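In what follows, a single structure is set out as structure tokens and then discussed.
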Amino acid sequence: MLIRPMRTDDIAQVASLLRTLALAFIVHDSRPEPASTFLRENDRDGIARYVAQGFVYHVAEIDGEIAGFIGMRERQHVFHLFVGTPWQGRGVARRLWEHARAEALAAGAAPPFTVNASNYAVPAYEKLGFVRTAPMMEKNGIQFNPMQWQPAPPWR
94 MLIRPMRTDD
104 IAQVASLLRT
114 LALAFIVHDS
124 RPEPASTFLR
134 ENDRDGIARY
144 VAQGFVYHVA
154 EIDGEIAGFI
164 GMRERQHVFH
174 LFVGTPWQGR
184 GVARRLWEHA
194 RAEALAAGAA
204 PPFTVNASNY
214 AVPAYEKLGF
224 VRTAPMMEKN
234 GIQFNPMQWQ
244 PAPPWR
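Residue numbers for the sequence shown follow this note's numbering, so the first one is 94 and each next one is one higher.
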């Protein structure tokens with residue numbers, strides 16, 4: 094598995110993977126309008142906008158295929174972390190998270206790191222060491238669970 098920075102020519106494949114997984118695990122129980130808005134905000138153009146705003150993305154590549162990706166906002170918040178279903182449960186998310194966290198720390202970020210996890214993803218984030226910081230919430234018709242990762246000192 095190769096973890097590398099996302100390139101411009103990866104954005105279409107990343108957006109396609111996000112759409113497939115969002116339909117199955119995030120917006121499947123949302124009303125049509127919020128689901129459509131979420132998908133539109135996270136399509137190829139949306140991801141390109143996030144990159145232009147300074148979000149940092151990395152992809153996990155297995156046998157030349159993008160198996161998953163992570164996007165960090167302000168190097169403090171896991172904005173996107175998606176792994177294709179064939180690779181789920183194989184440590185791809187952990188490798189992406191550990192890589193993104195190490196890069197964020199090297200760039201001067203400090204814990205805590207946060208994420209708004211889908212209901213489906215909560216167990217995966219708990220395995221990565223995140224804990225809930227509030228009950229499930231809903232914003233713009235999409236449900237999420239605020240979570241935080243904070244290591245025990247000394248963390249460096």
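Ideal placement from N, C-alpha and C gives every residue a C-beta, glycine not left out.
Note that the structure is a prediction, hence the values are computed from the model and not measured.
With respect to the beta strand (DSSP E) encompassing Arg-160, which residues constitute its N-terminal and C-terminal limits? The question names Arg, yet the displayed sequence has Ala at residue 160. Counting along the chain, the beta strand (DSSP E) containing Ala-160 begins and ends at 158 to 166.
If you draw a straight line from the C-alpha of Ala-183 to the C-alpha of Lys-220, how long is it? What sits at residue 183 in the sequence shown is Arg, not Ala. Taking the straight line from one Cα to the other gives about 13 Å.
Can you give me the Cβ contacts of Ala-108 inside the same chain, cut-off strictly under 8 Å, excluding the 5 residues immediately before and after it? Asn-135, Asp-136, Arg-137, Gly-139 and Ile-140
Within the region 119 to 156, note down every full alpha helix (DSSP H) run reaching 4 residues or more, in order along the chain. 125 to 134 and 137 to 145
At least three beta-carbon pairs within less than 8 Å, the region 164 to 179 to the region 190 to 201: yes
How big is the Cα-Cα spacing for Asn-238 and Gly-147? 24 Å
Determine which residues share a DSSP beta bridge with Thr-207 and list them. His-170 and Gln-241
Would Ala-193 be called buried (16 or more neighbouring beta carbons within 10 Å of its own) or exposed? buried
Hey, would you say Leu-110 sits closer than 8 Å to Phe-172, going by beta carbons? no
Quick check on DSSP: helix, strand or coil for Arg-97? strand
Could you check whether Phe-162 and Met-99 sit closer than 8 Å to each other, using their CB atoms as the reference points? yes
Same chain, Cβ closer than 8 Å to Pro-244, neighbours up to 5 away in sequence not counted: Pro-204 and Gly-222
Less than 7 Å between C-beta atoms, sequence neighbours within five positions excluded: which residues of the same chain meet that for His-151? Ile-96, Arg-97, Pro-98, Met-99, Phe-162, Ile-163, Leu-189, His-192 and Ala-193
Quick check on the DSSP output: the alpha helix (DSSP H) that includes Arg-183 runs from which residue to which? Here Arg-183 belongs to no alpha helix (DSSP H), and DSSP marks it neither H nor E.
Go ahead and label Met-240 buried or exposed: buried means 16 or more other beta carbons lie within 10 angstroms of its beta carbon, across all protein chains shown. buried
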